[in-house]
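Quick note on the working numbering: the sequence shown kicks off at -18 and runs consecutively.
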Amino acid sequence: MKTMIVYASKSGTTKTCAEMLAHEIDGVTTLIDIVSQEPDLSDYDTILIGGPIRYGRLHSAVKEFMQNHKSELLDKEIGLFICCGNEQQAEQHFTDNFPPELLAHALAHESFGGEIRLDALSFIERLVGKMAMKSLADGETVSIHKDKIEHFAHAVMS
């Protein structure tokens, strides 16, 4: 089975998660950053699509990719993932940002968590990131969930 992981990343967290996911997938796996490369889906059985959620919105390159390739994606096995710090709203993020047909067609969808990488942010985004970190409850952290990546990989490969 040939699998393509299509993603866009703003600060690098989604790229990290896509790479972690690729290590969990059996068979040939190709990683494509759709910001810099247009993928050819024709040779792949499974397409996994992911991107970051920022301020409640999915990366625009991921949204554009899904709209441009919707009919082709509906003929393939797909999985959808997001990276976001607000896990409590993950399901709402999927509903708000993914075409309903693709969400219903997906073998699995999952939030892999996130990171706040202040060094990769603009000045304004750093201020917002620092405020977000301060607003976390005691003991609460924003992190990548390797267990969710493993679970997602198993779900789409079954």
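By construction, the Cβ of each residue, glycine as well, lies at the ideal position given by its N, Cα and C atoms.
Here's a check: name, in chain order, each residue in its chain whose Cβ is nearer than 7 angstroms to the Cβ of residue i, leaving out the five neighbours to either side.
i      : result
His86  : Leu55, Ile59
Ala134 : Leu2, Glu5, Ile6
His50  : Leu22
Glu53  : Leu22
At which residues does the alpha helix (DSSP H) containing residue i begin and terminate?
i      : result
His4   : -6 to 5
Pro81  : 81 to 86
Lys129 : 127 to 138
Glu72  : 71 to 78
Specify, as a first and last residue, the run of the beta strand (DSSP E) that residue i falls within.
i     : result
Val43 : Element bounds for Val43: not the beta strand (DSSP E) but the alpha helix (DSSP H), 41 to 49.
Val9  : 9 to 14
Ala89 : 89 to 92
Taking 8 angstroms as the cut-off, is the beta-carbon of residue i closer than that to any non-hydrogen atom of the ligand NAP?
i     : result
Pro80 : With respect to the ligand NAP, the structure offers nothing, as it holds no ligand at all.
Leaving out five residues on either side along the sequence, give the residues of the same chain with a beta carbon under 8 angstroms from the beta carbon of residue i.
i     : result
Asp26 : Met(-18), Lys(-17), Thr(-16), Lys57, Glu58
Can you list, in chain order, the residues of its chain whose CB lies under 6 angstroms from that of residue i, leaving out five sequence neighbours each side?
i        : result
Gly37    : none
Ala(-11) : Ile15, Val16, Gly32, His40, Ala42, Val43
Would you kindly work out how many angstroms separate the C-alpha atoms of residue i and residue j, rounded to a whole number?
i       : j        : result
Glu0    : Cys65    : 17 angstroms
Ile13   : Ser23    : 14 angstroms
Ile63   : Gln48    : 17 angstroms
Val9    : Thr76    : 30 angstroms
Glu72   : Phe79    : 11 angstroms
Pro20   : Val(-13) : 8 angstroms
Glu45   : Cys(-2)  : 21 angstroms
Ser124  : His132   : 16 angstroms
Ser(-8) : Leu83    : 26 angstroms
Taking Cβ to Cβ, would you say residue i is nearer than 9 angstroms to residue j?
i      : j     : result
Ala136 : Ala89 : yes
Ile30  : Leu61 : yes
Using 9 angstroms as the limit for Cβ to Cβ distance, is residue i near chain B?
i     : result
Ser92 : Here chain B cannot be found, since the structure has a single protein chain.
Answer with buried or exposed for residue i, where buried requires no fewer than 16 other C-beta atoms within 10 angstroms of its C-beta.
i     : result
Glu91 : buried
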